[in-house]
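With the sequence shown counted from 1, adding 146 to any position gets you the numbering used here. We treat Cβ as the ideally placed atom computed from N, Cα and C, and that holds for glycine. On a predicted model such as this, the values are computed, not experimentally measured, just so you know. Below is one structure; the comments refer to it alone.
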Amino acid sequence: MTLKYITFSISICFISWIVGMIVNAALRKTEFYGKLSNISLVKSRKLNKFIGLGAFKWIVKNTFFKFFNPKLQLQSKATTKELIELRQEMTIAEISHFIGFLFVMIFAIIKVIRAEFLFSLWIILVNILMNLYPSLLQQENKGRIDRFLKVLSKKEAKRIA
Numbered sequence: 147m148t149l150k151y152i153t154f155s156i157s158i159c160f161i162s163w164i165v166g167m168i169v170n171a172a173l174r175k176t177e178f179y180g181k182l183s184n185i186s187l188v189k190s191r192k193l194n195k196f197i198g199l200g201a202f203k204w205i206v207k208n209t210f211f212k213f214f215n216p217k218l219q220l221q222s223k224a225t226t227k228e229l230i231e232l233r234q235e236m237t238i239a240e241i242s243h244f245i246g247f248l249f250v251m252i253f254a255i256i257k258v259i260r261a262e263f264l265f266s267l268w269i270i271l272v273n274i275l276m277n278l279y280p281s282l283l284q285q286e287n288k289g290r291i292d293r294f295l296k297v298l299s300k301k302e303a304k305r306i307a
């Protein structure tokens, strides 16, 4: 029974990625998207560390997951333009995963309503690993890019002055 729960959970998460991309594509054309792209769910680096985001990051960087979205990688020293483009790609991935997370949570809630608590638990656990953590990782990385762009901007302003 548990294997059935796990395979369903993984399958629905893969489907949620497609749902997330489709909904994200529609949202990008709205004013709401600008607000959504600057939301930060976890602002604390300590909390990110506490929930294991560092370990998750290591897994993504050092396993086959690094091949899932090649647009989120830099090959050399990045220019300001490349960093801005990378940030935009990260925003797309972040919001798509978050939409996917919400989509899968609908299934978890349905399972709770039907008193299928173990099934719901598996859905939530897999959803956290496949949608929430990737979204949080993109938020953390966007913050790093933003800080770096701010430093570059200050250096550029000093150079011009």
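Nearest neighbour of Lys227, chosen from Ser157, Ser155, Ser281 and Phe294 [CA to CA] = Out of Ser157, Ser155, Ser281 and Phe294, Phe294 has the C-alpha closest to the C-alpha of Lys227.
message = Considering just the uninterrupted stretch of the alpha helix (DSSP H) at Met236, what are its terminal residues?
response = Thr226 to Ile259
key: Residue from Pro280, Cys159 and Ile291 whose Cα sits closest to the Cα of Val206   = Pro280
query = In whole angstroms, what is the alpha-carbon distance linking Val188 and Ser162?
reply = 22 Å
ask   = From which residue to which residue does the alpha helix (DSSP H) around Met182 run?
value = The sequence given here has Leu at residue 182, not Met. Start and end: Phe178 to Leu182.
key: Beta-carbon spacing of Leu282, Ile197 below 9 Å   = Pairing Leu282 with Ile197 gives a Cβ-Cβ distance under 9 Å.
query = Sorted by chain position, which residues of the same chain lie with C-beta nearer than 7 Å to Ser266's C-beta, five sequence neighbours on each side aside?
reply = Ala254, Lys257 and Val258
ask   = Considering only C-alpha positions, which residue in the set Trp204, Lys288 and Met251 is nearest to Glu237?
value = Looking at the sequence shown, residue 237 is not Glu but Thr. It is Lys288.
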